[in-house]
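Take the sequence shown: its letters are residues 812 to 950, numbered as in our numbering.
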Amino acid sequence: MTKNFPKSRICVIDITQAFEHGIKEAIRFCNQNNILLNSADGKRLLLNFCIKSMQQSFKNTKSPFQKVVCFGSRPKTERIREFIQNHVNTLMRYFPVPYCGTIELNSPDLEAAAESSLQKLKAARKFINYTEKVLRFKS
């Protein structure tokens, strides 16, 4: 799901669904191969599937504007919401992608948050290069 702001030339991408899809794929893969999610391998797989899913969502979004990522919609379960609040927001600070946090897509503050995150980090294309390196290394 995306929201475009033509005046400020920003496209905000909601990656909640992509993140949930990555979690489901990791759980399915771990169950098929008898890997515990709490093990080191399970955690690496979970991270790998989530990064890959978010990268595909970011890469496949067609927009003439600069892209900013956020968690905009409510996650399906309370556990995923808590996981996003406790771990993913911290993790996203280290990715080279404009990230404006957990904010609703119909919030009046979304455009200002997106502009602020773009000023902090302008090189969104580095996200794709970074994730491709990580995914190539993990494979």
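Cβ coordinates follow ideal geometry from the N, Cα and C atoms, glycine included.
Residues in its own chain within less than 8 angstroms of residue i by CB, not counting five upstream and five downstream?
i	result
Phe840	Ile846, Leu856 and Phe860
Thr813	Cys822, Val823, Ile824, Asp825, Thr872 and Ser874
Assuming residue i is part of the alpha helix (DSSP H), what are its boundary residues?
i	result
Gln843	Thr827 to Gln843
Thr872	That residue, Thr872, is in no alpha helix (DSSP H); it is neither H nor E in DSSP.
Gln930	Leu921 to Lys931
Is residue i helix, strand or coil by DSSP?
i	result
Val880	strand
Ile821	strand
Tyr905	coil
Pro891	Note on residue identity: the sequence assigns Ile, not Pro, to residue 891. Helix at Ile891.
Leu848	coil
Arg947	helix
Leu916	coil
Arg855	helix
Between which two residues does the beta strand (DSSP E) carrying residue i extend?
i	result
Lys814	Thr813 to Phe816
Thr913	Tyr910 to Thr913
Using a Cβ-Cβ cutoff of less than 6 angstroms, which residues in the same chain neighbour residue i once the five nearest sequence positions on both sides are dropped?
i	result
Gln959	There is simply no residue 959 to check, as the chain begins at 812 and stops at 950 in what is shown.
Ser884	Asp825 and Thr827
What residues in its chain sit with their C-beta under 7 angstroms from that of residue i, if we drop five residues either side in the sequence?
i	result
Gly853	Cys841, Ile846 and Leu847
Pro919	none
Do the segment 874-883 and the segment 907-920 meet, that is, are 3 or more Cβ pairs less than 8 angstroms apart? yes
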